[in-house]
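Following this note's numbering, the numbering of the sequence shown begins with 13 at its first residue and continues without gaps. Worksheet: one structure, shown below.
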Amino acid sequence: MNRLLISTFIFLSMMCRVVGQESGIITEITSDTIYLGNSCELRYSVKNLEVQFEGPEFSEIRVISGPNISTSMQFINGKMTSAYSYSYTLYPDEIGSYFIEPAY
13 MNRLLISTFI FLSMMCRVVG QESGIITEIT SDTIYLGNSC ELRYSVKNLE
63 VQFEGPEFSE IRVISGPNIS TSMQFINGKM TSAYSYSYTL YPDEIGSYFI
113 EPAY
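Spelled out as structure tokens, the structure:
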């Protein structure tokens, strides 16, 4: 009986850790309007996910820097959180609307 109780307690405490951690992918861009001659930064932030990030194809806009990769890990009160950031500096060659393919 004690083994079952201990096993159940360990299982529930592990589930609380997994459920309590926020995870996901966030996409940010510094500006939705870029003036000719200026650049912008596109950033993908991956939090608490173990994924093989594959950036988008930039066929219509020039990439002048990237992918620039930043990694961080934190242990707070026994909980580990990890974050990866992939950023690109983009530069338009001409006036118009640009479509950026999705990242995987």
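Backbone N, C-alpha and C define an ideal beta-carbon position, used for all residues, glycine too.
Spatial distance of residue i from residue j (CA atoms)
i	j	result
aspartate 44	serine 97	20 Å
threonine 42	methionine 85	25 Å
leucine 48	aspartate 105	7 Å
phenylalanine 70	serine 77	12 Å
valine 58	isoleucine 107	31 Å
threonine 101	phenylalanine 87	31 Å
serine 35	serine 94	9 Å
phenylalanine 111	isoleucine 81	23 Å
C-beta atoms of residue i and residue j nearer than 7 Å
i	j	result
tyrosine 116	glutamate 66	yes
glutamate 113	proline 68	yes
threonine 83	tyrosine 56	no
Residue i burial status per 10 Å Cβ neighbour count (16 or more: buried)
i	result
isoleucine 73	buried
DSSP state of residue i mapped onto helix, strand, coil
i	result
phenylalanine 87	strand
asparagine 50	coil
proline 104	coil
asparagine 80	strand
alanine 95	strand
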